[in-house]
Amino acid sequence: MAHPERVHGAPPLTARTEAWADDLLADADACQSLLETYSSPVNVLNAAPMESHIDELVAAGASRGVDVRVFFARKANKGLTFVDAVRDAGHGVDVASFNELRQVIDRGVLGERIIVSAAIKTDELLRLAIDH
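Using the UniProt record's numbering, the first residue of the sequence shown is number 1, and each one after it goes up by one.
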C-alpha cells in the first residue's frame with residue numbers, strides 16, 4: 001500500500017482585510033487616541049462588512065447547489081452589533097443560554113431565525129424558545 005507524501009509547512013494564506021481596518025492601523029494618532037481612551041487591549045468592532053461577507057458565502061454555496069443559511073454564534077462574540085447586522089441581513093443567530101436568547105429576541109431577531117444549541121436546556125430557556 002502506497003503512503004501519501006508528507007507535506008511540510010503550511011500553505012500560505014494571505015489575510016483578507018477591510019479598508020476601514022487598514023486605514024485605522026495606518027493612523028497612529030487614531031490608534032494612540034483609542035489606547036488613551038480605552039486602555040489596552042483595544043478591540044475595535046465594525047459590523048458593516050458582515051452583510052457582504054455573508055452574501056459572498058451564500059453565493060458560493062448557491063453556485064454549488066448548496067442552500068447555505070448563516071447563524072451567527074452569539075456565544076463566540078458578545079458584540080451585539082453583529083446580532084443587529086445578521087438580523088438586518090435576514091439571517092439568524094445561534095444562542096446557548098437563556099440570557100443570549102432573551103437578548104436576541106429583544107433585538108428583534110425572529111424566532112424562526114434562532115437556533116438554541118445549549119448543551120443543557122433549562123425549562124426557562126425552553127419556555128422562552130417555544131414562546132418565540
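For every residue, glycine included, the Cβ atom is placed at its ideal position computed from N, Cα and C.
With a cutoff of 8 angstroms on beta-carbon distance, Leu80 and Arg102 are scored as not near each other. Looking at the backbone, the Cα of Asp94 and that of Ser33 are separated by about 35 angstroms.
Under DSSP, Val116 shares a beta bridge with Val95.
Secondary structure note for Ala62: it is in no beta strand (DSSP E), and the uninterrupted alpha helix (DSSP H) holding it is Met50 to Ala62. The three-state reading of DSSP puts Ala15 in coil, since its state is none of H, G, I, E or B. Secondary-structure assignment with DSSP links Phe82 through no beta bridge to anything.
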